[in-house]
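What follows is one structure encoded as structure tokens, with my remarks underneath.
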Amino acid sequence: MNDQQNTWVMAASGHEVITNTQLSQDVHKLVVTAPRVAAARLPGQFVIVRLGDGAERIPLTIADSNAENGTIVLVVQAVGKSTSDLVGLSAGDHIHDVVGPLGRPSDLVVEGTVVCVAGGVGAAVMYPIAQGLAALGADVITVLGARTAASVVYADELAALGELILCTDDGTAGRTGFVTDALADLLGKRPAAVVYAAGPVPMMRAVAAVTQPRDVRTIVSLNPIMVDGTGMCGGCRVTVDGKMRFACVDGPEFDAHGVDFDELDDRLGTYREFERQAMTHVCRSAG
Ligand code: NAD
Ligand code: FES
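FYI, the numbering for the sequence shown is 0 to 286, going by numbering that gives the first Met the number 0.
Following this line, the structure appears as structure tokens:
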């Protein structure tokens, strides 16, 4: 950890939740005070939050910020005990610490048409990237997918940045099917210079499979397990082009065509089992 990051840790104790808005059944948008992070962050960067002293560290993309108000926007999907605790916060509650901004900022490629593909809560990861691209004058098309109409998040925000192609698995909003069906159709009609993707691992793997034969540069935002966020613990290890990388310092964005998605899926699978056990324990204790 360098001196600057150390200062952020010291200065970042006690971050007030300004608003907590439910976006879908399990996804909430929190506006949180973090003036130093709000002033310094760039698209693609993230923070690691801890609800209390000794609590689990949760990596979250900075979905947006307001440097004037000193606030950042975090979008949280309740998938385990810690994230459920986080979405349970009310306005006026405090998060113990918010460390960041972490990770390398997005490589914003402004040439030709840029397609941003977002699945589920990955929409909040894609939003700052699309926002950064649009601000630089890129022609941005977003393909946004969700299981059902009720689980779509960030559609209005992404539509404000360019063309939006909405898909749902069950056809309750937009076209029926996965984002990859819409992406393949789109690339058949309009060549793209670059594709960005964020969402579940099977989606990012499927996006890479669509773009690789077409030779379209593709950048994915990976979400491996993270602990310290400083390249020291090895928790976020991923393999890209046969080389070991740490998503927290070398990423989180990587060339999709070089990512070892099997390894990423395996490592996340181990973590999901821990989360399932923690949730079962909490539910039993509560019952
Ligand atoms: P989800 O499972 O509901 O999927 C969202 C959409 O992704 C689907 O509607 C579909 O269009 C597409 N998709 C899913 N599987 C696909 C496949 N096999 N092929 C092609 N397209 C597919 O998504 P969710 O429940 O909102 O997402 C949660 C997942 O996203 C979690 O696993 C979480 O870890 C991950 N996540 C990723 C990031 C990131 O930075 N990449 C950030 C937050 C969360
Ligand atoms: Fe520890 Fe990346 S989170 S090395």
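Note that the Cβ used here is the ideal one computed from N, Cα and C, for glycine as well.
In this text, all values refer to a predicted model and were calculated from it rather than measured experimentally.
- Remark: the C-beta of T171 is outside contact range of the ligand NAD, defined as less than 6 Å to any heavy atom.
- For R146, the shortest separation between its Cβ and any heavy atom of the ligand NAD lies below 6 Å.
- Taking a contact as a CB-CB distance under 8 Å, the pair G119 and P199 counts as one, their CB atoms being some 6 Å apart.
- The continuous beta strand (DSSP E) containing S220 extends over residues 216–220.
- V26 and L73 have their alpha carbons spaced roughly 10 Å apart.
- F260 has its CB no nearer than 6 Å to any heavy atom of the ligand NAD.
- Distance from the Cα of D169 is smallest, within the candidate group L163, L185, A148, for A148.
- The DSSP-derived three-state label of M231 is coil.
- Between the C-alpha atoms of A246 and V237 there is a straight-line separation of about 7 Å.
- DSSP places T82 inside the alpha helix (DSSP H), whose first and last residues are 80–86.
- DSSP places G136 in the coil class of the three-state scheme, outside both helix and strand.
- For L267, the secondary structure class from DSSP, reduced to helix, strand or coil, is helix.
- Out of H95, A38, L59, the CA that lies nearest to the CA of N65 is found in A38.
- By the criterion of a C-beta distance shorter than 6 Å, D184 is surrounded by no residue of its chain, once the five residues flanking it on both sides are discounted.
- In terms of Cβ geometry, L182 and V113 do not form a close pair [threshold 7 Å].
- Measuring C-alpha to C-alpha distances from I71 to each of L29, R189, D84 identifies L29 as the nearest.
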